[in-house]
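Undergrad: First residue of the sequence shown: 41, per my numbering; consecutive thereafter.
Below is the structure I would like to discuss, written out as structure tokens.
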Amino acid sequence: MHKHTRRDFIKAAGCSLLSAQFAGGLSFAQTPAGGEKPNIIFILIDDMGYADPSCFGNPVMKTPNMDKLAKQGIRLTNFYVNAPVCSPTRVGLTTGQYPTRWGIHSYIASSTKNDNRNMADFLDLDAPSLARILKGSGYATAHIGKWHMGGGRDVDYAPFPSEYGFDESYVNFEGLGDRVLINGHGLSDQSGQLGKGDIKWADKHELTGIYVDKVIDFISRNKDKNFFINLWPDDVHTKHLPEKIGKWKNVTDNPHEQKFFAVLENLDEQIGRLMNALDSHGVAEDTLVVLVSDNGPTDGGNFYSDGWNPPGFTGKLRGRKLSLYEGGIRMPFIARWPGRIKAGSVNRKSVLCGMDMLPTLCSIAGAEVPESANPDGLNMSGALLGEAPIRDEPIFWHCGEPFFQPGTGSPFNSSPSLAVRDGDWKFLINPDGSEAQLYNLSDDISEQNNLFDQKPAKVSELWAKIRAWASDVGVPVQNNTPTRALDPVTIDLGRSKARAINTGVEVSESQGQQRFCFDGGSCLDVFIMDVPRLEDSGVMISAEAEPEAENGVLLAQGGGRTGYSLYLDSGKPAFCVCIAGSRTTITSSSSVPDGKFEIAANLKKNGRMELFVNGQLAASGQADSAFTRNAGDSLQIGADLISQVGSYTSENWFKGCLSNIRISAI
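Here's what the structure looks like:
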């Protein structure tokens, strides 16, 4: 894959402003800052949210060892990874370049899935490597833990970590070479069949301890020389399989959080064990420890389908894993180097990102960065060592589209696939120019106030920068005029209010009553956590309807396993429920009246179903029972798009207007 140079980018941009921004800011020291050459341990936690460490705001549990590390060193509050998902983040940290340059813009999977998404099967050996540079500068190097830059699934032809400059490696199922695999885990079984290294097996909760053992052993054998170690554990990636849940059952009713807290607690304890080992080996004072996360916390749809929030915290940040909102890419950053980094300090001004680590750590280590490495990242060592340098270049992101559309569990976390941060400005947009969003992070860190309409010049400026960058790294974009993303809608459901993503519904309000008009191809997608839970209950729904077509779903939640739907079938109102996979439908024998009418339906706890039109019973029937579990996907108003509840065709869009929508569990 062709590696474009910074000079190529400036030329392609054809813009003196871009030239000025991208030409400056690089400084590669050939002697270590202060004349010292530290050992380096880089800890990369998997799927840990910005606010999961208690020193970054965890509202439930303490992480005493991470907190201790922060008290002895520095916290950075404006550190970004270069992707909202594992593989490209790791590529950015390893190469000092945008991961999209190397054809890695999402997680590496099977060869077929990689090909379908225009993805490389592994990181090209022509790519720069931090370990290779440090090894050339006299460091002993080791990679311990998750690799995920090639190897695994059906890819048995990826290079080993040793080919990227590591003297030793010990990975998991996402890499080749010596590794430990997880008992009872499908992808580990597949990895075991590939061979290519000495393979051990363990339960998942044992892995972080095994990795820390390996790190401590490497330190004991290399403590008389400089060493560089990647410690990249699997935790706290799902599945969360702690040895025991213990006290966490008394802390939260959410079973997913119980397991997560136990896993995070164990991870924190293992970090403490490693720090103690540095002390016992007499190398703590000479070792720079950096701790970050690879992306935001999990946002798997399985959590929502069970009716629970996914575990992990982002504080005030919107978005989670696979999202380019802040919660998917802004990560906790802790660094400790006794005597060189001021204890208990916090840098809230400097903006850093993953690809800065190669030039930054090389500067601190006194390792010369070869010209061929041509990093996109900047030497930001001053941000760790007591200064507060201001970044003079934008940071760009790309994830997925136009090659594929990454999915999040919640529609509120789903972002456009391109983004840039330039100073305090954050701009997100799709390659076709759609869903454009502009935020000023200095006063809107939660990305709630889209300034697209108020700042057209800034929109044009940042869209031009994204297009120039995308051209440089090989992301196809269209030179379309940006179109504004629709704002989320808050819907009054009677007993509660709910947030919804608007896909093109006309929203109006008169005398305190909301009115939603649908064009036969738009809907409101309501976040599942904002609607009443159905487990062990019935449901009561009602609305005022003005249909313009004989068919269409007024509203539906769930699917063929558990859910309900209120819809029109050839002009007749119908109410359908699915309970434990059994579908029951009642349909009126009469068509709905012309114009506006009231429609209501309920499922009672004894399983009785009733359908009303203008207050008159239009149909009734008997289901097996009330709902036995919560519905499995979000509530859609104006369609049933994910897993269908009713037996209608997939073309079930509603055309017309709805108002006075009410939903409650009974």
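Virtual Cβ for every residue (Gly too), placed ideally from N, Cα, C.
1. Are at least three pairs of beta-carbons, each pair with one atom in the stretch 515-522 and one in the stretch 643-650, less than 8 angstroms apart?
2. Based on the DSSP output, what are the partners of Arg-115 in its beta bridges?
3. Using the beta-carbon count (16 or more within 10 Å), is Ala-428 buried or exposed?
4. Tell me, please, which residues DSSP counts as bridged to Pro-613.
5. Which residues in the same chain have their Cβ closer than 7 angstroms to the Cβ of Thr-523, if we skip the five residues on either side of it in sequence?
6. Once the 5 residues before and after Ala-383 are set aside, which same chain residues still bring their CB inside 7 angstroms of it?
7. Residues bridged to Ser-550 by DSSP?
8. Check for me: the alpha helix (DSSP H) holding Phe-200 runs from which residue to which?
9. Count the CB pairs spanning the stretch 113-122 and the stretch 288-308 that are closer than 8 angstroms, and state whether there are at least three.
10. Determine the extent of the alpha helix (DSSP H) in which Glu-309 is found, giving its start and end residues.
11. Can you give the Cα-Cα distance for Asp-107 and Val-579, rounded to whole angstroms?
12. State the Cα-Cα distance for the pair Thr-689 and Ala-614, rounded to the nearest angstrom.
13. Is the beta carbon of Asp-326 closer than 8 angstroms to that of Arg-360?
14. What residues are listed by DSSP as bridge partners for Lys-284?
15. Quick check on Tyr-344: buried or exposed, where buried means 16 or more other Cβ atoms within 10 Å of its Cβ?
16. Classify Lys-289 as helix, strand or coil using the three-state DSSP reduction.
17. My output table needs one value for Arg-172: the three-state DSSP class, helix, strand or coil.
18. Please name the residue in Asp-92, Ser-699 and Gln-230 whose C-alpha comes closest to that of Arg-370.
19. Suppose only complete runs of 3+ residues qualify. What are the beta strand (DSSP E) ranges in the stretch 596-669, listed by chain order?
20. Using a Cβ-Cβ cut-off of 7 angstroms (strictly less than) and excluding sequence neighbours within five positions of Gln-298, which residues of its own chain qualify?
21. Taking Cβ to Cβ, would you say Leu-401 is nearer than 8 angstroms to Leu-698?
22. Identify which residue in Lys-263, Ser-151, Asn-490 and Tyr-197 has its Cα closest to the Cα of Leu-165.
23. Name the DSSP beta bridge partners of Val-212, please?
24. Taking Cβ to Cβ, would you say Ala-540 is nearer than 8 angstroms to Leu-574?
25. Determine whether the beta carbon atoms of Ile-581 and Ile-703 lie at a separation below 8 angstroms.
26. Using the rule of at least 16 other Cβ atoms within 10 Å of the residue's Cβ for burial, across every protein chain shown, is Asn-21 buried or exposed?
27. I believe His-438 touches Ser-457 by the beta-carbon criterion, under 8 angstroms. Please report the beta-carbon distance rounded to the nearest angstrom.
28. Quickly, what does DSSP pair Leu-468 with across the bridge? List them, please.
29. Take Val-255 as the anchor and find which of Arg-313, Phe-200, Asn-294 and Tyr-204 has the nearest alpha-carbon.
30. Should the stretch 173-187 be called in touch with the stretch 203-218, which here means at least 3 C-beta pairs below 8 angstroms?
31. Among Trp-272, Val-323, Lys-279 and Gly-440, which has the Cα closest to the Cα of Val-332?
32. What are the boundary residues of the alpha helix (DSSP H) that includes Thr-129?
33. Closer than 8 angstroms is the cut-off here; do at least three beta carbon pairs connect the stretch 589-600 with the stretch 670-683?
34. Does the distance from the CB of Ser-610 to the CB of Glu-586 come in under 8 angstroms?
35. Is Asn-105 helix, strand or coil when you go by DSSP?
36. Can you tell me which of Leu-643, Ser-403 and Gly-191 puts its alpha carbon nearest to the alpha carbon of Gly-422?
TA: The answer reads as follows:
1. Flag = no, the stretch 515-522 and the stretch 643-650 do not touch.
2. Within the DSSP bridge table, the entry for Arg-115 names Ile-374 and Val-386 as partners.
3. Its Cβ having fewer than 16 others within 10 Å, Ala-428 is exposed.
4. In the DSSP output, where bridge partners are listed per residue, Pro-613 has Leu-608.
5. Gly-473, Ser-474 and Ala-476.
6. Lys-111, Gln-112 and Gly-113, listed in sequence order.
7. Looking at the DSSP output, Ser-550 shares a beta bridge with Gln-553.
8. Unbroken run through Phe-200: none, as it is neither H nor E.
9. Output reads no: the stretch 288-308 does not touch the stretch 113-122.
10. Taken as a continuous stretch (DSSP letters only), the alpha helix (DSSP H) holding Glu-309 covers 295-320.
11. Rounded to whole angstroms, Asp-107 to Val-579 spans 46 angstroms at the Cα level.
12. Distance between the alpha carbons of Thr-689 and Ala-614: 14 angstroms.
13. For Arg-360 and Asp-326, no; Cβs fall outside 8 angstroms.
14. Residue pairing from DSSP leaves Lys-284 without any beta-bridge partner.
15. Counting the other Cβ atoms within 10 Å of the Cβ of Tyr-344 gives 16 or more, which makes it buried.
16. In the structure shown, Lys-289 sits in a helix (DSSP, three-state: H, G or I).
17. In the structure shown, Arg-172 sits in a helix (DSSP, three-state: H, G or I).
18. Closest in alpha carbon position to Arg-370, among Asp-92, Ser-699 and Gln-230, is Asp-92.
19. The stretch 596-669 contains these whole beta strand (DSSP E) runs: 603-609, 612-619, 622-627, 637-643, 648-653 and 656-662.
20. Closer than 7 angstroms at the Cβ level, and outside the excluded window around Gln-298, lie Ile-285, Trp-288, Lys-289 and Thr-292.
21. Cβ atoms of Leu-401 and Leu-698: not closer than 8 angstroms.
22. Selection Lys-263, Ser-151, Asn-490 and Tyr-197 evaluated against Leu-165 yields Tyr-197 as nearest (Cα-Cα).
23. Inspection of the sequence shows that residue 212 is occupied by Asn rather than by Val. In DSSP, Asn-212 forms no bridge with anything.
24. Cβ distance not < 8 angstroms, so Ala-540 and Leu-574 don't count as in contact.
25. In contact: Ile-581 and Ile-703 (Cβ atoms closer than 8 angstroms).
26. Here the chain comprises residues numbered 41 to 706, so residue 21 is not present and cannot be evaluated.
27. Correct: roughly 6 angstroms between the Cβ atoms.
28. Looking at the DSSP output, Leu-468 bridges to Ala-459 and Gln-477.
29. Of the listed residues, the one whose Cα sits closest to Val-255 is Arg-313.
30. Yes, they touch.
31. Nearest option by C-alpha distance: Trp-272.
32. Element bounds for Thr-129: 126-135.
33. A contact exists between the stretch 589-600 and the stretch 670-683.
34. No. Outside cutoff.
35. Reduced to three states, the DSSP call for Asn-105 is helix.
36. Per the C-alpha coordinates, the member of Leu-643, Ser-403 and Gly-191 positioned closest to Gly-422 is Ser-403.
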